[in-house]
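This note's numbering puts the first residue of the sequence shown at 1482, with every later residue one more than the last.
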Amino acid sequence: MSVLAAAGTAPSIATQMFGSGLIGLREGLETGIVVMILVAFLVKADRRDALKWVWLGVGAAVAMVAVVFFVIHYGTSTVTGLTAEIIAGLASLVAVAIVTAMVLWMRTAAKDISGELKGGMERALTVGPIAVLTLAFFAVGREGIETALLMVGYAENTNGSLWPLLGLLVGIVVAAILTVFLYFGAIRINFAVFFKYTGVFLIVVAAGILAYGIRALQIGGLIPGGSSVAFDVTAHYDASSWYGTVLAGIFNFRPEPTVLQAVGWLAYLVIVLFLFLRPVRVPAKPEPVLHTSERH
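Given below as structure tokens:
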């Protein structure tokens, strides 16, 4: 059982579903865009015969992600006591590291991902069906693993509830519908704005998962400082109120964090938000060299 779940009431159903639903929407759209690029390239290249290998790769990646999620999530639920806290804490830290790397990578890679995928598919077509399947598998699997790890850390404080999983699935379904509309040109989305704001949301969620992981490792005795409380607002904080369920359910907030939790949470937010929100540098194009005849 997580520290937050033990300390107070579980977050409301709406809160659990909202946070995970937004995660599913963002990650589902990222995955949908990848699939859309691959499918559109094959259709434009008149290689519809290769579409079945793309869908097989997508299906295999989805199955792999589901296995990873359930193995980690339900595997950790089979242990109890300090061992469970240590495993949950380590899993949370790994999730934060991978999600942070992916969010920062997507910040600069988004503008080039279409060209990279099209180039990869063009090469895969010359190799054969297995190469096409493998390209789709890894392109989708990369996004899926991020989602699985993020959800494992996010759902730690729901005390075994299935509502976050349902919210995730709803978000993914909405993302799939939006992707179909995008493919046929029925709607347009400003992806730069969408991924900017949802990226900030994921970073704040990851900060809460980091704080949870630190606290779990402190309880497990792996790191010190478990008794050093940074502040305590329990007397003025109602965990069962609307704001209490939102802060606990989405951001893993606890009213009496340890010093290390508070410092880790704040340092993570400041550093990662700075790296994420800073302007992306566009390489300057080299000026053309003029030949002697062109100068006169």
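Each residue gets a CB set at the ideal place from its N, CA and C atoms; glycine is no exception. Since the model is a prediction, treat every value here as computed from it, not as a measurement.
Straight-line gap, residue i to residue j (C-alpha atoms, nearest Å)
| i | j | result |
| --- | --- | --- |
| Phe-1499 | Leu-1646 | 11 Å |
| Gly-1538 | Ser-1722 | 45 Å |
| Leu-1758 | Gly-1540 | 34 Å |
| Phe-1618 | Val-1535 | 8 Å |
| Ala-1656 | Leu-1683 | 16 Å |
| Trp-1644 | Gly-1706 | 33 Å |
| Met-1583 | Glu-1511 | 11 Å |
| Gly-1652 | Thr-1679 | 13 Å |
| Leu-1750 | Val-1685 | 7 Å |
| Phe-1755 | Ile-1568 | 30 Å |
| Ser-1708 | Val-1740 | 9 Å |
| Phe-1732 | Gly-1725 | 10 Å |
| Tyr-1555 | Ala-1526 | 44 Å |
| Thr-1564 | Val-1549 | 20 Å |
| Tyr-1718 | Leu-1585 | 34 Å |
Any non-hydrogen atom of the ligand GDP within 7 Å of residue i CB
| i | result |
| --- | --- |
| Val-1515 | Annotation note on the ligand GDP: not contained in the displayed structure, which lists no ligands. |
Beta-carbon proximity list for residue i, same chain, < 8 Å, skipping 5 on both sides
| i | result |
| --- | --- |
| Val-1543 | Val-1621, Gly-1625 |
| Leu-1649 | Ser-1501, Gly-1502, Ile-1504, Gly-1505, Thr-1628, Met-1632 |
| Ala-1487 | Its pLDDT being 38, under 50, Ala-1487 is placed unreliably by the model, and the measurement read from it follows with that caveat. Counting only Cβ-Cβ distances below 8 Å, and skipping sequence neighbours, we find nothing. |
| Met-1602 | Leu-1519, Phe-1522, Leu-1523, Val-1613, Leu-1616 |
| Asp-1713 | Pro-1736, Glu-1737 |
| Thr-1715 | Pro-1736, Glu-1737 |
| Val-1710 | Glu-1737, Pro-1738, Thr-1739, Val-1740 |
Residue range of the alpha helix (DSSP H) that includes residue i
| i | result |
| --- | --- |
| Ala-1687 | 1672-1700 |
| Pro-1705 | Neither: Pro-1705 is in no alpha helix (DSSP H) and is coded neither H nor E. |
| Ala-1743 | 1740-1758 |
| Ile-1658 | 1644-1664 |
| Val-1608 | 1594-1608 |
Contact set for residue i: own chain, Cβ-Cβ below 7 Å, skip 5 residues either direction
| i | result |
| --- | --- |
| Leu-1598 | Val-1515, Ile-1518, Leu-1519, Ala-1620 |
| Arg-1528 | Leu-1606 |
| Gly-1745 | Leu-1691, Ala-1692, Ile-1695 |
| Glu-1508 | Glu-1624, Glu-1627, Thr-1628 |
Own chain partners of residue i with C-beta closer than 6 Å, once the 5 adjacent residues on each side are dropped
| i | result |
| --- | --- |
| Val-1577 | Ala-1687, Ile-1690, Leu-1691 |
| Val-1552 | none |
| Leu-1630 | Ala-1576, Ile-1579 |
| Gln-1786 | Nothing about residue 1786 can be read from this structure; the chain reaches only from 1482 to 1777. |
| Pro-1760 | none |
| Leu-1698 | Gly-1570, Ile-1704 |
| Glu-1566 | Ala-1697, Ile-1700, Gly-1701 |
| Tyr-1664 | Met-1517 |
| Leu-1532 | Leu-1523 |
Segments of 3+ residues assigned as beta strand (DSSP E) that fall wholly inside the segment 1494-1536: none
Touching or not, the segment 1512-1521 and the segment 1655-1665, by the rule of three or more beta carbon pairs under 8 Å? With a cut-off of 8 Å, the segment 1655-1665 and the segment 1512-1521 count as touching, because enough Cβ pairs lie within range.
Are the segment 1563-1579 and the segment 1673-1680 in contact at 8 Å, needing three or more beta carbon pairs? A contact is defined here as three or more CB-CB pairs under 8 Å, and the segment 1563-1579 fails this definition with respect to the segment 1673-1680.
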